[in-house]
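J.: Residue numbers (full-length UniProt numbering): 1 to 182.
No residue lacks a Cβ here, since even glycine has one placed at the ideal position from N, Cα and C.
Small disclaimer: the values here were computed from a predicted structure and weren't measured.
So that we are looking at the same thing, I have put the structure below in structure tokens.
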């Protein structure tokens, strides 16, 4: 299935959405998202292949949301909240994280289990890739995935990422992927 090209929309529209696709709005996180982030990370299946543990408390979730907001303010990128364009429901997050030491952005996504298999990871990732290459001027993106996560491997391959070899996620063996701007 293919979707129309994502469009960048005015940040005052659709709850401060930055990117929009046929079914989704993506916007930077804000402090009111802390309870949602806690709920998302509390599902052991959602964080199973991430190397992350559930947030210990609200202060830890708040610190992550503040870090995401700071990165967006300084780099115009981050992990964006993904909302259903029709209902406004919070589905998960998707976006870019800048790795200063490697001077590259990493693509990542995480969705509530009830939304797995609906194509949201692929659709929101396509919007983020377009944003990274066309609007931010990046020349490449990376991603890492645990070998035991075939669904994410399929998403990355569908998006055009190529395996680069072994990698790690917080010391856990993983596969490295890369996508270069055409």
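Which one or two residues does DSSP pair with residue 153 in a beta bridge?
T.: Residue 153 is not bridged to any residue.
J.: So if DSSP puts residue 79 in a beta bridge, which residue, or which two residues, is it bridged to?
T.: 95, per the DSSP bridge assignment.
J.: Please list, in chain order, all residues of the same chain as residue 170 whose beta carbon is under 8 Å from its beta carbon, the five residues on each side excluded.
T.: Excluding positions up to five away in sequence, the list reads 51 and 52.
J.: On a Cα-Cα basis, can you pick out the residue from 76, 31 and 165 that is closest to residue 58?
T.: Ranking 76, 31 and 165 by Cα distance to residue 58 puts 31 first.
J.: Excluding five sequence neighbours on each side, which residues of the same chain lie with their C-beta closer than 8 Å to the C-beta of residue 66?
T.: 31.
J.: Helix, strand or coil: how does DSSP classify residue 163 here?
T.: Strand, per DSSP.
J.: Can the beta-carbon of residue 107 be found closer than 7 Å to that of residue 136?
T.: The answer is no: Cβ separation not under 7 Å.
J.: Could you tell me the boundaries of the beta strand (DSSP E) in which residue 27 lies?
T.: From DSSP, the beta strand (DSSP E) with residue 27 extends over 24-27.
J.: Can the beta-carbon of residue 25 be found closer than 7 Å to that of residue 85?
T.: In contact: residue 25 and residue 85 (Cβ atoms closer than 7 Å).
J.: Is it the case that the CB of residue 94 approaches a heavy atom of the ligand NAP more closely than 6 Å?
T.: Absent from the structure shown: the ligand NAP. Ligands present: none.
J.: Kindly list the residues whose CB is nearer than 7 Å to the CB of residue 7, restricted to its own chain and excluding five residues on each side of it in sequence; keep chain order.
T.: Caution is warranted here: a pLDDT of 41 is assigned to residue 7, below 50, making its placement in the model unreliable, and the coordinate value is therefore given only provisionally. Taken in chain order, the residues that qualify are 20.
J.: In angstroms with no decimal places, state the Cα-to-Cα distance between residue 9 and residue 99.
T.: For residue 9, the predicted structure reports a pLDDT of 37, less than 50, and the residue's modelled location is therefore unreliable. The matter cannot be settled from this model.
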